[in-house]
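Q:
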Amino acid sequence: MKTPFTSLARARAVLAACRHDYNQQRPQSSLGNMTPAEMAARSAGNRVGG
Numbered sequence: 001m002k003t004p005f006t007s008l009a010r011a012r013a014v015l016a017a018c019r020h021d022y023n024q025q026r027p028q029s030s031l032g033n034m035t036p037a038e039m040a041a042r043s044a045g046n047r048v049g050g
């Protein structure tokens, strides 16, 4: 069986890149075509006392 990653460090790097892309670059239709990061920033600005 072939493993998709040559090391744990490589797997972590690939997953971190995927997570960054998903949260910072990829708009979500369920969020009004904003990225999760944009929605979080918008929500943070709407908090009482924040």
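For the sequence shown, the positions run 1 to 50 when my numbering is used.
Glycine included, every Cβ here is placed at the ideal spot set by N, Cα and C.
Tell me the rounded alpha-carbon separation between Asn54 and Gln24.
A: In the structure as shown, the chain begins at 1 and stops at 50. Residue 54 is therefore absent and cannot be evaluated.
Q: Can you grab the Cα-Cα spacing for the pair Leu8 / Ala40, in whole Å?
A: About 30 angstroms.
Q: Where Pro36 and Tyr22 are concerned, what is the direct C-alpha to C-alpha distance, given to the nearest angstrom?
A: About 8 angstroms.
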